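Residue numbers (our numbering), protein chains in the order written: chain A, 1 to 506; chain X, 507 to 1012. Take a look at the structure set out below.
2 protein chains.
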Amino acid sequence: MDGYIQNLKVKAFPIKTGKIVAILHEKDAKELGVMAGDRLELSNKKNGKKCVAVADITHHYIKEDEIGLFEEAIEGLGTKNGNLITAKATEPLKSLDFIKKKMMGEKLSHAEICEVVKDIAEERLSDIEATAFVSAVYMKGLDLDETISMAKALIADGNKIEFKKGIIVDKHSVGGTNGRASMIIVPIVASTGLLIPKTSSRSITSASGTADSMEVLANVSLPMEKIKSITEKVGGVIAWGGAVDLAPADDKIIKIEHPLSLDPEGQVIASVLAKKASVGSKFVVIDLPVGKYVKIKDKEIALRMAKKFVQVGKEIGMHVEAVITDGEEPSGLAFGPALEAKYALEVLEGKRFDNLAQKSCELAGILFEMVGKARPAKGYAMALEILESGRALKKMKEIIKAQGGKINSSDEIKFAPFKKELKSGTDGIIEEVNIKLVTKIARFAGAPANKSAGVMLHKLVGEKIKEGEELMTIYAENKEKLKVAEQFALKEIPFRFKRIILQTIK
Amino acid sequence: MDGYIQNLKVKAFPIKTGKIVAILHEKDAKELGVMAGDRLELSNKKNGKKCVAVADITHHYIKEDEIGLFEEAIEGLGTKNGNLITAKATEPLKSLDFIKKKMMGEKLSHAEICEVVKDIAEERLSDIEATAFVSAVYMKGLDLDETISMAKALIADGNKIEFKKGIIVDKHSVGGTNGRASMIIVPIVASTGLLIPKTSSRSITSASGTADSMEVLANVSLPMEKIKSITEKVGGVIAWGGAVDLAPADDKIIKIEHPLSLDPEGQVIASVLAKKASVGSKFVVIDLPVGKYVKIKDKEIALRMAKKFVQVGKEIGMHVEAVITDGEEPSGLAFGPALEAKYALEVLEGKRFDNLAQKSCELAGILFEMVGKARPAKGYAMALEILESGRALKKMKEIIKAQGGKINSSDEIKFAPFKKELKSGTDGIIEEVNIKLVTKIARFAGAPANKSAGVMLHKLVGEKIKEGEELMTIYAENKEKLKVAEQFALKEIPFRFKRIILQTIK
Chain A
1 MDGYIQNLKV KAFPIKTGKI VAILHEKDAK ELGVMAGDRL ELSNKKNGKK CVAVADITHH
61 YIKEDEIGLF EEAIEGLGTK NGNLITAKAT EPLKSLDFIK KKMMGEKLSH AEICEVVKDI
121 AEERLSDIEA TAFVSAVYMK GLDLDETISM AKALIADGNK IEFKKGIIVD KHSVGGTNGR
181 ASMIIVPIVA STGLLIPKTS SRSITSASGT ADSMEVLANV SLPMEKIKSI TEKVGGVIAW
241 GGAVDLAPAD DKIIKIEHPL SLDPEGQVIA SVLAKKASVG SKFVVIDLPV GKYVKIKDKE
301 IALRMAKKFV QVGKEIGMHV EAVITDGEEP SGLAFGPALE AKYALEVLEG KRFDNLAQKS
361 CELAGILFEM VGKARPAKGY AMALEILESG RALKKMKEII KAQGGKINSS DEIKFAPFKK
421 ELKSGTDGII EEVNIKLVTK IARFAGAPAN KSAGVMLHKL VGEKIKEGEE LMTIYAENKE
481 KLKVAEQFAL KEIPFRFKRI ILQTIK
Chain X
507 MDGYIQNLKV KAFPIKTGKI VAILHEKDAK ELGVMAGDRL ELSNKKNGKK CVAVADITHH
567 YIKEDEIGLF EEAIEGLGTK NGNLITAKAT EPLKSLDFIK KKMMGEKLSH AEICEVVKDI
627 AEERLSDIEA TAFVSAVYMK GLDLDETISM AKALIADGNK IEFKKGIIVD KHSVGGTNGR
687 ASMIIVPIVA STGLLIPKTS SRSITSASGT ADSMEVLANV SLPMEKIKSI TEKVGGVIAW
747 GGAVDLAPAD DKIIKIEHPL SLDPEGQVIA SVLAKKASVG SKFVVIDLPV GKYVKIKDKE
807 IALRMAKKFV QVGKEIGMHV EAVITDGEEP SGLAFGPALE AKYALEVLEG KRFDNLAQKS
867 CELAGILFEM VGKARPAKGY AMALEILESG RALKKMKEII KAQGGKINSS DEIKFAPFKK
927 ELKSGTDGII EEVNIKLVTK IARFAGAPAN KSAGVMLHKL VGEKIKEGEE LMTIYAENKE
987 KLKVAEQFAL KEIPFRFKRI ILQTIK
């Protein structure tokens, strides 16, 4: 726009920052007419290569007629330290108008959302600009049309798996906590010949994510082709989604959402379904747990999200059923990667059957009904039969082996060496378990970074307990962590006992 | 919170990024339980120094057990390349809760705003977090209480000038364009013994800022003490605000606002008044130009802002009068740093008197009435007398000299060597000058980076012109820029002639 400077000397910093940034001396910036945050077109005359960078301005370290570049720009221009390049001020990106439009509360068109998503995916937007977009989506929301556009834009921009044959199904839980239903559902479903290429996340605020627990049994950092070939071979896979670029724009948006725990509803729905679409899923069950201590606290919100999931799914050619589930109590008794992995295996081995096993069979059952494997209302029984017959366990062993794992039985999974049992000081009936507090205890004990650390509860809601009976066991890698976790548990007490007298008026 | 790692080896990158960032290998990040954007407490055992850094995560360049640090962290820890430090996950900042609260549309308390501003000023918030705050302020607005809190927080956090004696006055224009009224008002006001330590900005989107034009005459990058001592000596100064840390948080907020041209009303008001308070101003006149081609397009908005300026001023102990001015036509005929500087000097020399001179005397007159130097409605006449008597010119020469300048007369200011005169192709009366287009022509010609480039108009609104008479002259540093500016001017034509027939119906 305003001007250009030839022969700027490259000062190379050998590190990737994730953004294409060019650092200018303030005098050169003034000559170019750019401020920090404006865009420059950089070009290397020698090879004709060009790239667009966001300007940063300093009067330290970079002298006049120098330009500081990080690895991304160095690679893009095919240049190196000491070489000369040309910088030119460029017009602002079109996306910036659309971001501003969303900030003003106006609705974005499909083309506008696609443009923004593309610029995010390809790192053309600075953190400031991308955050302004994510903040606007959080504060102004995405309506149904925009959510559909967002899902389509995310799909268009990521890698995709295409299966030649077979029926591809999937499941996802929104903001669940403990218990690895996926590790039970995937083998049940895969036992029937359906394909279920499940990609999962690692824990962010919980004691374990499905990817963390599965990693106790096998390798979860699988490239795209591996996810495809394992699914084709054994029917299912449980991989870490972060290892594959299913939706690069979405990964960047999630990184922005993280520090402030933003989770704009429309964005969450688009994000989940786009990732399912990228692995080719056609039938998807969405689990929306509602409870005091989980992400969705209100049934009305769950209902609204459920409807949106179904509608957006339809628009992107996916049959979605969303279920609202009871999230008031923990799913099974385990908290922590190894504890939850062992627990899920024990369910498959027939050693345990509780609310986690129940939920897994119900969700698998819905998938069976959706694809016509089971008649209406008969899916649960079919799933239960597969679980109880041992076929699901056999399938799980095949999946573990295909993912390079060596575990054959739940007995082989060991917990962290330092442990502490906490006992009840009273007789009573357990009325409530505070999932958030149990999660915190497990995290103080070292989970999820220490895979074998965590908490095992011994009682669930509704169960009777006697004075001196065990309430929970904490496992930790060392004495210090055990101590911190124990002290927190004794102070906060995550159990509430039933009381018949609710209030006394004097 | 979760854990710590001792003996991470520092990999130093010798550059400042403006943020305290620590780059971790993904395995170390997992062990610490941190994600990109989370905070780490870094400590250097050798000297006991600590600092908090925002984590970034990579699997390139930084190996396991290494930690990448930029200059800010290196300095803060007193460490160097190859040395060992300890990293520990820390609790999130309290500010993040307040930012989220504002995003949800809730009102922030005084203490909450102060906490956020402090964290911005001291670089504790990442770009993502600070942008979320600025976006929330833009989308949800600041009410009067919040604006007052913001102004107080910005003042508390910046440097301050305190004058031992004298009455300190000031003026500010919100979103004006061409014409350097400040260069006329400051010497008029300073001639009477009032102190006017004026800090100004450089051009962002206009053809010149007051700091750019003043720089043609003298040095404007003055440290705090110089601003104080010059004001004490000659009564006035015209300095570049960017050279002093009057409100460091505000400078950072403005940097975030820039890429998307965000200008949340409350933030603008707090920002302007905080900077005035920081130089000790007690009486301030705020100029709010309203017009089709300036920032404020609607008189209602100007009125609302005016009232808020007055109220916020009162709360911070400042007497503010806000005036709504006619921004429909250019202020004087010049566009570009040198052109506008020369024009203002010519007004002081008595060679010109037009709407720019008129406005300058009106605004100076209000200040005289505010401090009691002039009786009500007599301020304008007093200012005009000072201008016409030559006392303002004499004062301006003192100011230029005190700021290290050598210019003695407007004749010494030269324009860029390549010029082009554009002539009218018709007889007529000028009805409108499109200030935005004239600004663009001046910028294509090289302003404000090329100080002597720009545009001189020859006619203002309401004036008659004959076919072949000059409409404007473009000045540029070289032929190429002249050509681009000329072509744009011929294509877009920034003048509209009066037409009596407004519409023909056939």
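Even glycine gets a Cβ: it sits at the ideal position worked out from N, Cα and C. No experiment lies behind these values; they were computed from the predicted model shown.
Starting from the beta carbon of residue i, find every residue of chain A whose beta carbon is closer than 8 angstroms, and list them in chain order.
i                 : result
Gly539 of chain X : Arg443, Pro448 and Ala449
Tyr644 of chain X : Met103
Leu943 of chain X : Residues of chain A passing the Cβ test: none, with the nearest at roughly 15 angstroms.
Using alpha carbons as the reference points, say which of the options lies closest to residue i.
i                 : options                                   : result
Ile531 of chain A : A:Ile188, A:Leu217, A:Ala416 and A:Leu195 : Only positions 1 to 506 of chain A appear in the structure, and residue 531 of chain A is not among them; the question remains open.
Glu91 of chain A  : A:Ser109, A:Gly37 and A:Pro223            : A:Gly37
Arg499 of chain A : A:Asn450, A:Asp427, A:Asp287 and A:Phe368 : A:Asp427
His565 of chain X : X:Ile529, X:Leu583 and X:Val558           : X:Ile529
Val558 of chain X : X:Arg545, X:Lys569 and X:Ile568           : X:Arg545
Leu599 of chain X : X:Ala636, X:Glu578 and X:Phe841           : X:Ala636
Asp369 of chain A : A:Glu349, A:Val320 and A:Glu346           : Before going on, a small fix: residue 369 of chain A reads as Glu here, not Asp. The residue with the shortest Cα to Cα distance from Glu369 of chain A is A:Val320.
Glu975 of chain X : X:Ser930, X:Gly823 and X:Lys965           : X:Ser930
Asn553 of chain X : X:Val939, X:Tyr799 and X:Ile580           : X:Ile580
Val516 of chain X : X:Glu621, X:Asn587 and X:Val527           : X:Asn587
Ile15 of chain A  : X:Leu538, X:Gly524, X:Ile563 and X:Ile511 : X:Ile563
Ends of the beta strand (DSSP E) at residue i?
i                  : result
Gly742 of chain X  : Gly742 to Trp746
Asn44 of chain A   : Arg39 to Asn44
Gln6 of chain A    : Tyr4 to Phe13
Val87 of chain A   : Here the sequence assigns Ala to residue 87 of chain A, which means Val is not the residue at that position. Leu84 to Ala89 is the span of the beta strand (DSSP E), which, as asked, contains Ala87 of chain A.
Val371 of chain A  : Note, Val371 of chain A: premise wrong, no beta strand (DSSP E); alpha helix (DSSP H) at Asn355 to Val371.
Leu24 of chain A   : Val21 to His25
Arg1002 of chain X : Phe1001 to Phe1003
At what residues does the alpha helix (DSSP H) containing residue i begin and finish?
i                 : result
Asp625 of chain X : His616 to Ala627
Ser632 of chain X : Careful: Ser632 of chain X lies outside any alpha helix (DSSP H) and carries neither H nor E.
Leu339 of chain A : Pro337 to Leu348
Pro754 of chain X : Pro754 to Glu763
Gly381 of chain A : Reading off the sequence, residue 381 of chain A comes out as Ala, not Gly. Per DSSP, Ala381 of chain A belongs to the alpha helix (DSSP H) from Gly379 to Ser389.
Glu998 of chain X : Lys985 to Glu998
Ile104 of chain A : Note that residue 104 of chain A is Met in the sequence shown, not Ile. Where Met104 of chain A is concerned, there is no enclosing alpha helix (DSSP H), given that its DSSP letter is neither H nor E.
Name the chain X residues that come within less than 8 angstroms of residue i, Cβ to Cβ?
i                 : result
Pro249 of chain A : Per the sequence shown, residue 249 of chain A should be read as Ala rather than Pro. Simply none; closest approach about 16 angstroms.
His25 of chain A  : The premise fails here: His25 of chain A is roughly 13 angstroms from chain X at the closest Cβ pair, so nothing lies under 8 angstroms.
Lys118 of chain A : Within chain X, no residue comes near Lys118 of chain A; the closest Cβ sits about 18 angstroms away, beyond 8 angstroms.
Leu96 of chain A  : Pro765 and Leu766
For residue i, which residues in chain A fall below 9 angstroms Cβ to Cβ?
i                 : result
Glu629 of chain X : Correct list: empty, because the minimum Cβ distance to chain A is about 14 angstroms.
Lys761 of chain X : Met35, Ala36, Gly37 and Ile128
Gly574 of chain X : Ile15
Lys606 of chain X : Leu260, Ser261 and Leu262
For residue i, return the contacting residues in chain X, with the cut-off set at a CB-CB distance below 9 angstroms.
i                 : result
Ile258 of chain A : The sequence shown places His at residue 258 of chain A, rather than the Ile named in the question. The contacting residues are Met541, Ala542, Gly543, Asp544 and Ile634.
Ala476 of chain A : Chain X residues near Ala476 of chain A: none, gap ~11 angstroms exceeds 9 angstroms.
Gly141 of chain A : Under the 9 angstroms cutoff, chain X gives no residues; its nearest Cβ is about 12 angstroms from Gly141 of chain A.
Ile204 of chain A : Met541
Name, please, each residue of chain A whose Cβ falls closer than 7 angstroms to the Cβ of residue i.
i                 : result
Pro520 of chain X : Tyr61
Lys536 of chain X : Ala449
Thr564 of chain X : Lys16
How would you list, in chain order, the residues of chain X whose beta-carbon sits under 7 angstroms from the beta-carbon of residue i?
i                 : result
Ala132 of chain A : Thr637, Ser641 and Leu766
Next on the checklist: Going residue by residue through the region 643 to 728 of chain X, where are the continuous alpha helix (DSSP H) segments of at least 4 residues, counting only ones entirely within it?
Outcome noted: Counting only runs of 4 or more, we get 650 to 663, 688 to 696 and 716 to 723.
Checklist entry - So does the region 17 to 33 of chain A actually touch the region 78 to 91 of chain A, counting three or more Cβ pairs closer than 8 angstroms? => result Contact between the region 17 to 33 of chain A and the region 78 to 91 of chain A is present: 3 or more CB-CB pairs across the two stretches fall below 8 angstroms.
Item to check | Cβ contact check for the region 729 to 749 of chain X and the region 859 to 879 of chain X: 3 or more pairs under 8 angstroms | outcome: Fewer than three beta-carbon pairs drawn from the region 729 to 749 of chain X and the region 859 to 879 of chain X are found closer than 8 angstroms, and the two stretches are therefore not classed as touching.
Checklist entry - Which parts of the region 275 to 333 of chain A are runs of the alpha helix (DSSP H), unbroken and 4 residues or longer, counting only runs that do not cross its ends? => result Runs of the alpha helix (DSSP H) inside the region 275 to 333 of chain A: 299 to 315.
Next on the checklist: I want to know whether the region 42 to 49 of chain A touches the region 97 to 116 of chain A - three or more CB-CB distances under 8 angstroms.
Outcome noted: They do not touch, by the three-pair rule.
Next on the checklist: Please give me, in chain order, every unbroken run of the beta strand (DSSP E) with length at least 3 that falls completely inside the region 30 to 81 of chain A.
Outcome noted: Restricted to the region 30 to 81 of chain A, the beta strand (DSSP E) segments that are unbroken, complete and at least 3 residues in length are 39 to 44, 49 to 58 and 66 to 70, listed in chain order.
Checklist entry - In the region 395 to 476 of chain A, which residue ranges form an unbroken alpha helix (DSSP H) of at least 4 residues, counting only runs that do not cross its ends? => result Secondary structure in the region 395 to 476 of chain A: the alpha helix (DSSP H) runs of 4 residues or longer, each lying completely within the stretch, are 435 to 444 in chain order.
Next on the checklist: Is it the case that the region 681 to 688 of chain X contacts the region 663 to 673 of chain X, given that we only count it when at least three CB pairs across the two stretches are under 8 angstroms?
Outcome noted: They do not touch, by the three-pair rule.
Item to check | Sufficient close CB pairs (3 or more, under 8 angstroms) joining the region 822 to 837 of chain X to the region 788 to 796 of chain X | outcome: At 8 angstroms Cβ cutoff, the stretches touch.
Checklist entry - Is there contact between the region 742 to 759 of chain X and the region 899 to 906 of chain X, where contact requires at least three CB pairs shorter than 8 angstroms? => result Remark: three or more beta-carbon pairs, one from each stretch, lie closer than 8 angstroms, so the region 742 to 759 of chain X and the region 899 to 906 of chain X are flagged as touching.
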